[in-house]
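Start counting at 1 in the sequence shown, then tack on 3, and there's your number in our numbering.
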Amino acid sequence: MWAPALPESEWAAADGEFVPASDEDGGGRWYFHKPVPAEGWPLAWREARFTASCTPFRHLGFFPDMAPVWDWLRERIADRPDPAFLNLFGYTGVGSQALAAAGASVTHVDASKKSVAQARDNAALAGMADKPVRWLVDDAGKFTAREVRRGRRYDAILLDPPKFGRGPNNERWQIEEGLAPLLADCRQLLDADSRALFLTVYAVRMSALAIGELLAQLFADLPGRVECGELAVREEARGLLLPTAIFARWSR
C-alpha cells in the first residue's frame, strides 16, 4: 500500500527475504543471499538477554512491539511486594525475564516444549536461572481453569494468544472460540488488589474495539479502567508506524 522509501537497489542488496506460503497460515520460507549465523544473534532489552533466529513464521523469535507492554506492566506492579505475574502464551520468555527482573514471581506458560526450553536458555543467558520463575509446558486454557479451582491470584497477567494453535496434548485452540472463556478465567485470577491484565491479538479479523468491549464486560465488577488500541513499531526511514497487533488492557 505504501511507496518504498528506499530504491530497488537497496532492497536487492538485502541479506535475506521471507517469502510467505499464504496469507492464511502465516508460514513461509526464508531465502538468504548472504551467510547468517546458525546459532542466531544475541540481543538484549533492559536486563533481558535472548537469541534471535529466523523462524518459519516470519518473525525472529521475539516481538519488539511488546517492549512498551513489558514496561507498562513493570510500572503497574512497582508498588507491590513480591508481585505474582502470569505470562500465558509466553513463547521464548523475554516478557517473563522483564517482569522477573522487576521483582515479580513469574509463571510462564506455553504449549510448545521447544519454546519453553528456549525461554529457559534465554533466562540463563541473562543470569536469571535462579529467579523465581515457573517454566510450564501446558495448555493455557486448562492451566488457568486449574488455577481458578486452586484459588490462586495474580497481580498482573499477560496474554499473547495465536489465532490458532495446539496444546501439548493436541488440545485445539481457536481464538474466536477460546478467548472469552480464557479471559473469564483470568478475571477470576485477579482481585481488587491486582494491578493489570494486558491482551494482544494479531492476524485476526477482529477490531480493538471488539476485544476492548469483551474485556470491559468481563471486568465490570472490578475497579479500574479498560483501554484498547493498536501496537506498532516505528520504521527508521520516514518514522512511519507499522501496525502489528491490537490490544486491550485493564489496570487500576
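The C-beta atom is built at its ideal place from N, Cα and C for all residues, glycine as well.
Residue i in three-state terms, based on DSSP
i: PRO135; result: coil
i: ARG123; result: helix
i: ALA251; result: strand
i: LEU212; result: helix
i: GLU11; result: helix
i: ALA219; result: helix
i: GLU42; result: coil
Residue i, buried or exposed, once every other Cβ within 10 Å from all chains shown has been counted against 16
i: GLY154; result: exposed
i: TRP253; result: buried
i: GLU33; result: Note on identity: in this sequence residue 33 is Trp, with Glu being the wrong assignment. Classification for TRP33: exposed.
i: PRO86; result: buried
i: GLY242; result: exposed
i: GLN220; result: exposed
i: PRO164; result: buried
Beta-carbon proximity check, residue i vs residue j, cutoff 8 Å
i: THR54; j: PRO45; result: yes
i: THR110; j: LEU139; result: yes
i: LEU200; j: LEU91; result: no
i: MET209; j: ILE160; result: no
i: GLY98; j: MET69; result: yes
i: ARG104; j: ALA51; result: What sits at residue 104 in the sequence shown is Ala, not Arg. Yes, the Cβ-Cβ distance between ALA104 and ALA51 is below 8 Å.
i: LEU102; j: LEU128; result: no
i: ARG169; j: ALA114; result: yes
i: GLY215; j: VAL236; result: no
i: ALA143; j: LEU185; result: yes
Top-ranked residue by Cα proximity to residue i, from the options
i: LYS134; options: LYS145, ALA107, GLY144, TYR157; result: ALA107
i: ALA47; options: GLY96, LEU185, LEU234, PRO171; result: GLY96
i: ALA6; options: ALA240, ASP158, ALA126; result: ALA240
i: PRO84; options: PHE146, PRO165, VAL207, ARG198; result: ARG198
i: ASP18; options: PRO38, SER25, ALA24, SER12; result: PRO38
i: GLN191; options: GLU78, ALA223, ASP74, ALA129; result: ALA223
i: PHE43; options: GLY31, HIS36, THR58; result: Correcting the residue identity first, residue 43 is Gly in this sequence and not Phe. Taking only the C-alpha atoms, the option nearest GLY43 is THR58.
i: VAL136; options: GLN100, SER12, GLY130; result: GLN100
i: TRP73; options: SER12, ALA195, ARG156, LEU202; result: LEU202
i: ALA195; options: GLU179, THR247, LEU218, GLY227; result: GLY227
Residues that DSSP places opposite residue i in a beta bridge
i: THR110; result: LEU89, ARG137
i: PRO246; result: ALA235
i: PHE66; result: Partner(s): none; PHE66 has no beta bridge.
Closer than 8 Å to chain C by CB, residue i
i: ASN90; result: In the structure shown, chain C cannot be found, because there is only a single protein chain.
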